Amino acid sequence: MEKLIYLVPVFGLIGLIYTLVKFNWVSKQDAGTDRMKEISNYIAEGAMAFLKAEWKILGYFVVIVGILLALMASTNPHSHWSIAVAF
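Position 20 (the sequence shown) corresponds to 45 in the numbering used here; numbering is contiguous.
Quick look at the structure:
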C-alpha cells in the first residue's frame, strides 16, 4: 500500500505526455475553410467575454468570502486571521 504513493506522479507524467501528444496532433490539423475560421473567431470572442465576466464575479466572491473569514477568525479565539489570507 505504501508503494502506491509513487504511482501518483507516474500517472501524472503519463497524463502530461498524453496531453502533449494530443496537442501536437491537433496543432497539425488543417484550420478549415475561411468560413470555419470566421466562426472559430466568433467562438473565441464569445469565450473570452464569458471568461472575463466569470473572473469578475469570482473576484467579488473571493473578496467577500475573505472578509467574512477574517471577521469570523477575529471573533473566534480558536481561529486566526491567516485563514482568510490562505483562502
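Beta carbons are placed, not taken as given, at the ideal position from N, Cα and C, and that holds for glycine.
Nothing here was measured: the structure is a model prediction, and the numbers come from that model.
**Request:** Can you tell me the Cβ-Cβ gap for Val90 and Phe112, rounded? I've got them flagged as a contact below 8 Å.
**Result:** In the sequence shown, counting from the first residue as 1, residue 90 sits at position 65. In the sequence shown, counting from the first residue as 1, residue 112 sits at position 87. Yes, Val90 and Phe112 are in contact; Cβ-Cβ is about 6 Å, under 8 Å.
**Prompt:** When the distance is taken between beta carbons, is Ala95 closer than 8 Å to Trp106?
**Reply:** Translated into positions along the sequence shown, residue 106 becomes position 81. Translated into positions along the sequence shown, residue 95 becomes position 70. A contact, by the Cβ cut-off of 8 Å.
**Rounded separation between Tyr85 and Lys28 - CA only** = What you label residue 85 is simply residue 60 of the sequence shown in a count that begins at 1. What you label residue 28 is simply residue 3 of the sequence shown in a count that begins at 1. So the alpha carbons of these two residues sit roughly 43 Å apart.
**Request:** State the DSSP-derived secondary structure class of Asn101, mapped to helix, strand or coil.
**Result:** As a working mapping, residue 101 is identified with position 76 in the sequence shown. Three-state DSSP puts Asn101 in coil, outside helix and strand.
**Prompt:** Are the beta-carbon atoms belonging to Lys62 and Ala56 less than 8 Å from one another?
**Reply:** Taking the first residue of the sequence shown as position 1, residue 62 is located at position 37. Taking the first residue of the sequence shown as position 1, residue 56 is located at position 31. Going by C-beta atoms, Lys62 is nearer than 8 Å to Ala56.
**Under the three-state DSSP convention, the category Gly57 falls into** = Within the sequence shown, numbered from 1, the residue matching residue 57 stands at position 32. Residue state, collapsed to three classes: coil.
**Request:** Measure the CB-CB distance between Ile82 and Ala98 and report whether it falls below 8 Å.
**Result:** What you label residue 82 is simply residue 57 of the sequence shown in a count that begins at 1. What you label residue 98 is simply residue 73 of the sequence shown in a count that begins at 1. In this structure, Ala98 does not lie closer than 8 Å to Ile82 by Cβ.
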